[in-house]
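Structure first, commentary second.
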Amino acid sequence: MHLRAETFKNATEVVTPNVRLAAARDFFNLHGKALANAAHLLADASMEARVYRFLERLRDADSFSTALVRDLVAFHRLLTLQDPGSLESSEFGCIPHISPEDPVVIEICLLADNLWNLLADIDRQSDLQGEVC
1 MHLRAETFKN
11 ATEVVTPNVR
21 LAAARDFFNL
31 HGKALANAAH
41 LLADASMEAR
51 VYRFLERLRD
61 ADSFSTALVR
71 DLVAFHRLLT
81 LQDPGSLESS
91 EFGCIPHISP
101 EDPVVIEICL
111 LADNLWNLLA
121 DIDRQSDLQG
131 EVC
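Numbering (full-length UniProt numbering), first residue to last: 1 to 133.
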């Protein structure tokens, strides 16, 4: 029996939503620890724990949910110091103690840029354009 190319095309279309999940998993395999460290530095230990809980949910997810997107956006807002009240953190940890010349500032900025790129990729691959940003 020969399988026609159309069979594989349809199978690929079914798997497409998981591309977003795979992209997020790849990102967090590379940057998860750095994001957790930045969350602790910019907020507190509870925000670091939130990153690790997110990693567990991401690992166990069967599909890319709105809740996962919400957390990614919250992490990006933390890295870019936007709207601290929405981060459910008691305060911004030790931000006043970080010098702008500290190399960690550049690392956090690069991490924020990479996370933004992930969010943009997820949005482009979404059935509902604009759901991320």
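From the three backbone atoms N, C-alpha and C, an ideal C-beta is built for every residue, glycine too.
Spatial neighbours of residue i in its chain, beta-carbon cut-off 8 Å, leaving aside the 5 residues before and after
i, result
"Phe75", "Leu35, Ala39, Val51, Phe54, Leu115"
"Asn18", "Ser63, Phe64"
Test: residue i CB closer than 8 Å to a CB of chain D
i, result
"Asp26", "Going by chain labels, chain D is absent from the structure shown, which holds only one protein chain."
Residue i - DSSP class collapsed to helix/strand/coil
i, result
"Ser65", "coil"
"Asp44", "coil"
"Leu87", "Confidence in Leu87 is poor, its pLDDT being 46 and thus under 50, which makes the residue's placement too unreliable to answer from."
"Glu107", "helix"
"Leu81", "coil"
"Ile98", "coil"
Environment of residue i [buried if 16+ CB atoms lie within 10 Å]
i, result
"Arg124", "exposed"
"Ile106", "exposed"
"Ala22", "exposed"
"Ala49", "exposed"
"Leu119", "buried"
"Leu79", "buried"
Own chain partners of residue i with C-beta closer than 7 Å, once the 5 adjacent residues on each side are dropped
i, result
"Ser89", "The predicted position of Ser89 is uncertain, since its pLDDT is 46 and thus under 50; no value can be drawn from it."
"Ala61", "Leu21, Leu68"
Beta-carbon separation (whole angstroms), residue i vs residue j, contact threshold 8 Å
i, j, result
"Phe28", "Leu68", "In fact, because the Cβ distance is near 11 Å, the residues do not count as touching under 8 Å."
"Ala24", "Ile108", "So it is not a contact: roughly 19 Å between Cβ atoms."
"Leu30", "Val104", "Contact flag wrong, Cβ pair sits at about 18 Å."
Proximal residues to residue i (C-beta, below 6 Å), its chain only, five neighbours per side dropped
i, result
"Phe64", "Arg20, Leu21"
"Asp71", "Phe54"
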